[in-house]
Every structure is written in structure tokens, then in C-alpha cells.
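> The structure's right below; bear with me while I get my questions together.
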Amino acid sequence: TLAVCSVVFMLGLMSDYLFGRPAAEGSIIAKLVYAALPNWQLFWMVDALEGEHTIPAGYIGRALSYVVCYVVAALSVALALFEDRELS
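When you read off a place in the sequence shown, starting at 1, and then add 5, the result is the number in the numbering used here.
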């Protein structure tokens, strides 16, 4: 479980680089993978804070809505996968 979570985390950090460009160029597979992986770069606010810029409230609202949608999607997939399983 730790290895899978680590791989998903690392792919989420590199998703713009690995899948963002091919998805923008029209690759169907890259679009699917780019949509399925979390994009952790949306939450990377250190560059703005380091440059002494302010973070607009709209950005925080957009990041919050992204988190809510992604968590709902992940929990829906988990519910569908474990619906008929008895976990005891």
C-alpha cells in the first residue's frame, strides 16, 4: 500500500510534465491518465509566497473545489470496488 501511494504521489507531482503536454497536443491516453491522477501542482503555493505575492481567494476556492471533486470521485470508485466484498 505504501509503494502504491508513493507512486501515485510522485506521478501526481510530475503529472503536468509527463502527461500535461501530450494531453494538450491531443493524445487520448495522456488525457485519460492526466484526468485520473491528482495534480499536486495546483496546491504548490510556495513559489508565490516566496516571491512575496498574495494568493487570491479565487485560487484557494478553485483548489478547494478540485480537492472536493477528487475525493468524491476516489471514494465513489472505492465504494464501487468494495461494495460486494466482506471486510472482516
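Every residue, glycine too, gets a C-beta built ideally from N, C-alpha and C.
Keep in mind that this is a model prediction, so the values were computed, not measured.
(1) With DSSP run on the structure shown, which of helix, strand or coil describes W45?
(2) Nearest chain D C-beta to W49 closer than 8 Å, yes or no?
(3) How many angstroms separate the CA atom of H58 from the CA atom of V9?
(4) Entirely within the stretch 46–75 and at least 4 residues each: give me those alpha helix (DSSP H) ranges in chain order.
(5) How about L37 and G17: are their beta carbons less than 8 Å apart?
For this structure:
(1) helix
(2) Of the chains in the structure shown, none is chain D; there is only one protein chain.
(3) 35 Å
(4) 51–55
(5) no
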